[in-house]
Each structure stands twice: as C-alpha cells, then as structure tokens.
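Novice: Here the working numbering is used: the sequence shown runs in plain steps of one and ends on residue 640. No residue lacks a Cβ here, since even glycine has one placed at the ideal position from N, Cα and C. Note that the structure is a prediction, hence the values are computed from the model and not measured. Just dropping this structure here.
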Amino acid sequence: MHLRTHIFVWVVVATVIPLTALGLGATWLGERAQREETGAAIIDALNNLTAEIDRQLEAERAMVASLAEAPGIRDFRPVLAAAREGRRHPEQPRRAAALADFLTVFQQTLPGSYTIRLLDHRGNTVLKVRDGERRPAPYAGLGPLPLAEPEVTDPTFRERLRGIQAGEVRHLLLPQSRQRRDRRVEPALLDQVTPLGGDGDSAPVGYLAVSPDGSRVERILAYKTSLPAGTLAVAEVQPGDPRRNGMILHHSGDNQRFDRLRRTPRHLEEAGLGALRTAVMQRPYGHLADRPRLHFVEYYPYPGRLVSWVVALEVEEAVFAEPFKRIRAAIGVFTGIALVLALLLIPLGSRVIARPVCHLARRLKAYADGDHSARVQPAGPTEIRELGEAFNYMADTLEAARAERDEAQQRALQSARLASIGEMAAGIGHEINNPLNNILSLTKLMSRETDRPERLARDLEAVREEALRASETVRGILNFARQVPPDFHTVEVDAWLAESTRLVAERARTAGVGIGVEVPAGLRVRGDRHLLQQALANLVDNAVAASPAGGSVEVAASGEGEDEVVVTVTDQGAGIDPEGLDRVFDPFFTTKAVGEGSGLGLSVTLGIVEHHGGQLDIRNNAAGGVTATIRLPRAESDHE
1 MHLRTHIFVW VVVATVIPLT ALGLGATWLG ERAQREETGA AIIDALNNLT
51 AEIDRQLEAE RAMVASLAEA PGIRDFRPVL AAAREGRRHP EQPRRAAALA
101 DFLTVFQQTL PGSYTIRLLD HRGNTVLKVR DGERRPAPYA GLGPLPLAEP
151 EVTDPTFRER LRGIQAGEVR HLLLPQSRQR RDRRVEPALL DQVTPLGGDG
201 DSAPVGYLAV SPDGSRVERI LAYKTSLPAG TLAVAEVQPG DPRRNGMILH
251 HSGDNQRFDR LRRTPRHLEE AGLGALRTAV MQRPYGHLAD RPRLHFVEYY
301 PYPGRLVSWV VALEVEEAVF AEPFKRIRAA IGVFTGIALV LALLLIPLGS
351 RVIARPVCHL ARRLKAYADG DHSARVQPAG PTEIRELGEA FNYMADTLEA
401 ARAERDEAQQ RALQSARLAS IGEMAAGIGH EINNPLNNIL SLTKLMSRET
451 DRPERLARDL EAVREEALRA SETVRGILNF ARQVPPDFHT VEVDAWLAES
501 TRLVAERART AGVGIGVEVP AGLRVRGDRH LLQQALANLV DNAVAASPAG
551 GSVEVAASGE GEDEVVVTVT DQGAGIDPEG LDRVFDPFFT TKAVGEGSGL
601 GLSVTLGIVE HHGGQLDIRN NAAGGVTATI RLPRAESDHE
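Next up, the structure:
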C-alpha cells in the first residue's frame, strides 16, 4: 500500500468514521423516541376521531327518537294498530299520503342522506321515503296494508324487533337494507329502529326505521385534520355475522367509503390487514408488532351491541423521518468536509501518480476509438511506467497482427480469384473459341465474295462484332483476375448483375442450368465494381454447381426501404446440411468434390460484402435449395 493510501486510510479511520457513527447513533436514538411519542399522539387522534363519530351517531339516534313522536307519525299509529288487528283503517290512504309528504319534507331538510321506513308489527315496510321521494307499495303481504318492499319472513329478525324497549333506539340490520334491486348488498352502517306504541297499549303497533347512508361519517373522516398523513381504514368486527366480520367500511387507499353499498364485501385479509382482527381481540389500542407504523383503536359505535369497529392508521414514513432530515443532512455535510480535509492531507505526490494514469487512460481511449498510432511516454512511479510500457507493447503487437491479417486476407482474395479463373477456364475457352471460329468462317466467305461488296460489308461488320465479343470476354477476365486497390464509386445494380452472371454463363450452359436475372432499373450501390463482381460471381457459380441439370438459378435485386439494396441468388439444389451451414464461411471449407473448389469463395465473398458495409446471409429454402442474400447500402444518388 502506497504512502498516500496509508495517510488517507488513517485520517478516515481516526476522524470521519467515529464521528459519523456517533452522529448516526444519536439520530437513531432520537428517531426511536420520536416514533414512540408520535405513536401515542396518533392513538389520541384516533380516539378523538371516534369520539366525533360517536357524537354524530348519538345525534342521529336522538333525531330518530324525536321523529317517532312527530304528529304525522302519531296520526298514522291508528292505521298500524288496525293492521295489527287484521283490518284496514278507513283513512289509511289519506294518512299515508300525509305522512309521506311530511317525511319527504323532513328528509329534504336533513343534512346527509337517509332512508326512512315505517314498519308494521311484523317488520314489513308499509311506507318508504328515500332521496326525498315516497316509494310505491306494489307488494301484497299477509296483512291488510300494501307493502313497499317484499315481505319479511325471518323469525330471528322479528324476535329482535320485539326485544326493543319503548323509547329505545336500537341498531339493527334490516333485511330490507340488504336487498337492493334484486341483489344482496352490505351497507356500512346498521339501521336505527325505534318502536311505535299504540293508544293505551304497551305492545308496539309498528316501528320507525332510519337508515343513514354514511355520508355524515364519511365527511368526518374526510376532514381528519388532527391525523398525520397516512392510510386510514375502518372495519367492522362482528363474530356473529361471518359476512360482516372484518368487513372494511372505509379505506382511504382503496377508495372504500361509508356511503357506498357493497355487493361483495372486502375484508381485512384482502387488504393485507388481517392481523388487525387478532390484535383488537388482545388489546383495545396499540400498533402491530411487525408493522410499527400501523396504529389502531377499538370503538363500539352501537350501544347494547357486541359490534365494534377497528379504526387503524398506517402512517407514512415521512411523518417519522421528516424531523431528522436536517440532522442527517448535517451529518452528510460533516462527512463530506471531513473527506475533503482528508484528501487535502494526501501528499502532493498523489498528483504525480494521477497525471500519468489519466494520460494513459486518454491514450487507451484514443486507441479504442481508432487511432492505432496512439502510444504513451512512460512516466511516473514504477508501476505506472510498467503499465505504459505494457500498453505500448500491446499496441505494437496488435498492429503487427493486423498487418499480417490484412496480408493474409489479400493473399486469400487473390487465391480465390485464381481459383475462380481456373474453375471457369473451360467456359472461358468456349467463350473465346466460338467468336474465333466465327471470324475464321467469315474470312473464308469474304475471300469468295470479293465481287459482292454489300455482302462483304456485312461479313466485315460480323467479324468486327465477333472480335469485340472476344475482346469483351478477355477484358472481363483480366479485370476479374487483376489485383488493384479498391476503387469505390457508384455502381449500377443492373449492370453489376449482368456482368457477374456473364462470367459464369458458359459454365451454366455446359451444366444445363439456366440463369434468370430480375432487377428493376435505377438501383445503385457504392463500391468497387470488380470486388462486387467477384463476390456475386462466386455466389452464382456456387448456385450453378449446386443445381441439377435442367434446373435454374434465379438472381434478383430489389430496394428495401430507402437505405438498402437486397440481392438474392437462389438455386434448386439439395441444400446444405445444418452442420455445413454453420461453417460455410470458414476458409477452405467446401461441399464440392475434391479438386472442384478451393473453399475460399464464400469467406472471400463475406469479406468483400462486409468491406462494403453490407451483410451476407445463406439459408436453406423450405422447398429445397439455398438462397444467398447480399444486403448493401444504397448509393446516395439512388434516394436523394
């Protein structure tokens, strides 16, 4: 370990680490105490919230008790008393209409939304006012009065009604409240029911039931200003009713509200709060052991009922962490200052080390970016000097290897050209021999037709054409075989395809294989004409060799998008086996018989195509044969 490192380590160990640990420890202790104080404050706030809800429910019970003594309801009691005796009161329609008008006006003056029902002694709804309107009574029951809702047949519910004392307002869940539009629902709040006594009779003649929609309670929860930020949940705990036991009445995170009916109740377990049900059975308030930010209190909203609510608040982490942000920020600033001071104590020699390292890094990046002449002048400590010398050695070795590779590739290219010339020698002989034979024949005819100038002129023109044909063949061979530096320019694709296929045309005729060319006019690429000609001729020659007599080779070109030209060579051969397909571009690999191929054609072709910025792909066709695909960039003049 160097001296600068020793100094830095000891300064950090002696100052920064101990003081930072001390500050973090004090912060942790303070935050722990803050969490305990905040937890107690949250419990107090939840108790205040339940007290406010309790006052609201008490006010509603007082309202129900007062409403039961209203003149309109007192006038209707004789109708209920007659119905209990099995007869219909003669003024039932008038008194029902008058009572409905009274309840409608009364309901419209109340804050919040309530459903008011007048029940007979059996608990059936004989009058219902909801949303400021009287509901029709289309149902017929066993009694003389028409019913606004289906008849109640639950004996347990009737028994509970009979158990309500005179003047008492009890919380029950009416069967009617659980049925809404032919579907079962679960209201959040229980209904408030009080008995209606008959004239001089202790037995009730009916009942007044008021069903709050929960909007008043929801409003209290919406303005919970004393609670810190977090997720508030209220759930009912009623072991005697499995459907409602653990049912969520309010959940601020999932938009569950008191004033919304629940077709399918959502329970604590579904919200990940199942542990609350167990915790509230053990103690009336506190927080969960495994979730210290989740505080709860138990509240009994309905007097005389073993039904409770668990009111829980899961506080956001920021409530606890916010007071300590400045402390942690101060510790961070202190740590930064201490590190800066420690760095300032490092000897000036560190810069002597850093400078050559940075210089070496820049030269490495330059070499990686393509500047292969990049070298470094070794400087600095021994280790850095050795690193610079190693880089120079590596760069020199890579350059030597690159030069050897380029030379080997050039030799392989020339060998492939010579091999291709050898393979096409027979075809070339025929290609030159035919024009020469024609020239000899024409000169004999010319010697016999000296007295016929017009025929002599035609023969001379034919001799000229045959000589040009032979010259063109020889020129193509020389251009193909000679080794010259690449000359990039715009190449017409149709001419490129025509020249390349002409080189193997005689071999194709000898093998009985046809060559079809399909190319649209106007396609251009940029490259060396002779290299591109060699690459395509190799592919067409391989396709001819693979196709059976009577078959054909299809050469096609097309434009793909605006930036690419695609040339395909398709044969009708037997295809290439999967193992051979993986090795087709390996040098000296060939599927031809011994003596018929050098194995360099495809590897050289691949090098030519990639040198032109293109891609070469060879694949078997589903119907048989092989398709070789060349993709080259279009010349700019092709799509400007």
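Can you tell me whether E518 is helix, strand or coil according to DSSP?
Specialist: In the sequence shown, counting from the first residue as 1, residue 518 sits at position 518. Three-state result, E518: strand.
Novice: Identify every residue that forms a DSSP beta bridge with E236.
Specialist: As a position in the sequence shown, residue 236 is number 236, starting the count at 1. Paired residues: W309.
Novice: Whole-angstrom Cβ separation of V626 and L602, contact assumed at under 8 Å?
Specialist: Your numbering for residue 626 matches position 626 in the sequence shown. Your numbering for residue 602 matches position 602 in the sequence shown. The Cβ separation is near 11 Å, so there is no contact.
Novice: Return the bridge partner residues of K128 from the DSSP annotation.
Specialist: Position 128 of the sequence shown, counted from the first residue, corresponds to residue 128. DSSP, once it has assigned bridges, lists R117 as partnering K128.
Novice: Give me the Cα-Cα distance between D541 and R405, rounded to the nearest whole angstrom.
Specialist: Taking the sequence shown and counting its residues from 1, the one referred to as residue 541 is at position 541. Taking the sequence shown and counting its residues from 1, the one referred to as residue 405 is at position 405. Straight-line Cα distance between these residues: approximately 27 Å.
Novice: Can you tell me where the alpha helix (DSSP H) with F157 in it begins and where it stops?
Specialist: Here residue 157 refers to the residue found at position 157 when the sequence shown is read from its first residue. Here the alpha helix (DSSP H) through F157 covers P155 to R162.
Novice: Span of the alpha helix (DSSP H) holding S500?
Specialist: If you number the sequence shown from 1, residue 500 lands on position 500. Here the alpha helix (DSSP H) through S500 covers V493 to L503.
Novice: Using the beta-carbon count (16 or more within 10 Å), is A62 buried or exposed?
Specialist: Counting from one through the sequence shown, the residue named residue 62 turns up at place 62. Exposed, because fewer than 16 other Cβ atoms sit within 10 Å of the Cβ of A62.
Novice: Cα separation between V297 and T38?
Specialist: As a working mapping, residue 297 is identified with position 297 in the sequence shown. As a working mapping, residue 38 is identified with position 38 in the sequence shown. Cα to Cα, V297 sits roughly 15 Å from T38.
Novice: Just to confirm my understanding: we take M394, look at its own chain, exclude 5 residues before and 5 after, and list those with CB closer than 7 Å. What are they?
Specialist: On the sequence shown, residue 394 is found 394 positions in, with the first residue counted as 1. Same-chain partners within the cutoff: there are none.
Novice: Out of E314, Y207, G25 and D371, which one is the CA nearest neighbour of T231?
Specialist: The residue labelled residue 231 in the question sits at position 231 within the sequence shown. It is E314 whose Cα lies nearest to the Cα of T231.
Novice: If you drop the 5 nearest sequence neighbours on each side, which residues of the same chain put their C-beta closer than 8 Å to that of I43?
Specialist: Within the sequence shown, numbered from 1, the residue matching residue 43 stands at position 43. Y285, G286, H295 and V297, listed in sequence order.
Novice: Touch check for the segment 535-554 and the segment 505-520: three-plus C-beta pairs under 8 Å?
Specialist: The segment 535-554 is in contact with the segment 505-520.
Novice: Is DSSP giving E168 helix, strand or coil here?
Specialist: Taking the first residue of the sequence shown as 1, we reach residue 168 at position 168. Correct three-state label for E168: coil.
Novice: Nearest-angstrom Cα distance between R162 and H250?
Specialist: As a first step, residue 162 is located in the sequence shown; it is residue number 162 there, counting from the start. As a first step, residue 250 is located in the sequence shown; it is residue number 250 there, counting from the start. Each residue's Cα considered, the two are about 32 Å apart.
Novice: Any idea if A186 is buried or exposed, counting beta-carbon neighbours within 10 angstroms, 16 or more meaning buried?
Specialist: Within the sequence shown, the letter at position 186 stands for residue 186. The sequence as given places Glu at residue 186; Ala does not occur at that position. Buried, because 16 or more other Cβ atoms sit within 10 Å of the Cβ of E186.
Novice: To the nearest angstrom, report how far apart N47 and I53 are at their CA atoms.
Specialist: As a first step, residue 47 is located in the sequence shown; it is residue number 47 there, counting from the start. As a first step, residue 53 is located in the sequence shown; it is residue number 53 there, counting from the start. Those two C-alpha atoms are separated by around 10 Å.
Novice: Tell me, please, which residues DSSP counts as bridged to M394.
Specialist: Indexing the sequence shown from 1 puts residue 394 at position 394. DSSP, once it has assigned bridges, lists no residue as partnering M394.
Novice: Enumerate in chain order the residues of its own chain whose CB-to-CB distance from N245 is below 6 Å, with the five nearest sequence positions on each side excluded.
Specialist: If you number the sequence shown from 1, residue 245 lands on position 245. Closer than 6 Å at Cβ, skipping near neighbours: Q238 and P239.
Novice: Please state whether DSSP places S66 in a helix, a strand or coil.
Specialist: Walking along the sequence shown from the start, residue 66 turns up at place 66. Looking at S66 - three-state DSSP - the assignment turns out to be helix.
Novice: Check whether the segment 188-198 touches the segment 206-214, taking contact to mean three or more Cβ pairs, one atom from each stretch, closer than 8 Å.
Specialist: Short answer: they touch.
Novice: In this structure, does DSSP put R257 in helix, strand or coil?
Specialist: The residue you call residue 257 lines up with position 257 of the sequence shown. Here R257 sits in coil by DSSP.
Novice: For M281, count neighbouring C-beta atoms within 10 Å of its own C-beta (all shown protein chains included) and say buried if the count is 16 or more, exposed if not.
Specialist: Locating residue 281 in the sequence shown gives position 281, counting from the first residue. By the 10 Å Cβ count, M281 comes out exposed.
Novice: Check for me: the alpha helix (DSSP H) holding N542 runs from which residue to which?
Specialist: If you number the sequence shown from 1, residue 542 lands on position 542. Start and end: R529 to A546.
Novice: Examine the Cβ distances between the segment 360-375 and the segment 330-339 and report whether three or more of them are shorter than 8 Å.
Specialist: These segments do not touch.
Novice: Quick one: what's got a C-beta closer than 8 Å to V594's C-beta in the same chain, skipping five residues either side?
Specialist: Taking the first residue of the sequence shown as position 1, residue 594 is located at position 594. Unreliable placement is indicated for V594, whose pLDDT of 42 sits below 50; no coordinate value is reported for it.
Novice: From the DSSP output, in three-state form, read off I618 for me.
Specialist: Within the sequence shown, residue 618 is the residue found at index 618, counting from 1. Three-state result, I618: strand.
Novice: Buried or exposed: where does F258 fall if 16 or more other Cβ atoms within 10 Å of its Cβ makes it buried?
Specialist: Here residue 258 is taken as the residue at index 258 of the sequence shown, counted from 1. Flag for F258 reads buried.
Novice: When DSSP builds the beta bridges, which residues end up paired with Y646?
Specialist: Here the chain covers residues 1 to 640 and nothing more, so residue 646 does not appear.
Novice: Give the C-beta separation of E316 and A229 to the nearest angstrom, bearing in mind that I take them to be a contact with Cβ-Cβ under 8 Å.
Specialist: Counting from one through the sequence shown, the residue named residue 316 turns up at place 316. Counting from one through the sequence shown, the residue named residue 229 turns up at place 229. With a Cβ gap of about 5 Å, E316 and A229 count as contacting.
Novice: If you count every other CB in all the chains shown that lies within 10 Å of the CB of E149, and 16 or more means buried, which is it?
Specialist: Sequence index remark: in the sequence shown, residue 149 carries index 149 (1-based). Answer is buried; the Cβ neighbour count reaches 16.
Novice: Could you tell me the distance, in whole angstroms, from the CA atom of L29 to the CA atom of D371?
Specialist: For this step, residue 29 is matched to residue 29 along the sequence shown. For this step, residue 371 is matched to residue 371 along the sequence shown. Cα to Cα, L29 sits roughly 59 Å from D371.
Novice: Straight-line CA distance for F106 to E133?
Specialist: Residue 106 sits at position 106 when you count from the first residue of the sequence shown. Residue 133 sits at position 133 when you count from the first residue of the sequence shown. Rounded to the nearest angstrom, the two C-alpha atoms are 11 Å apart.
Novice: Label D154 either buried or exposed according to how many other C-beta atoms from any shown protein chain fall within 10 Å of its C-beta, with 16 as the threshold for buried.
Specialist: For the purposes of this step, residue 154 is identified with residue 154 of the sequence shown, where counting begins at 1. That one is exposed.
Novice: Name the DSSP bridge partner or partners of G230?
Specialist: For the purposes of this step, residue 230 is taken as the residue at position 230 of the sequence shown. DSSP output for G230 lists V315 as bridge partner(s).
Novice: Can you tell me whether DSSP reads A289 as helix, strand or coil?
Specialist: In the sequence shown, the residue the question calls residue 289 occupies position 289. Coil at A289, not helix or strand.
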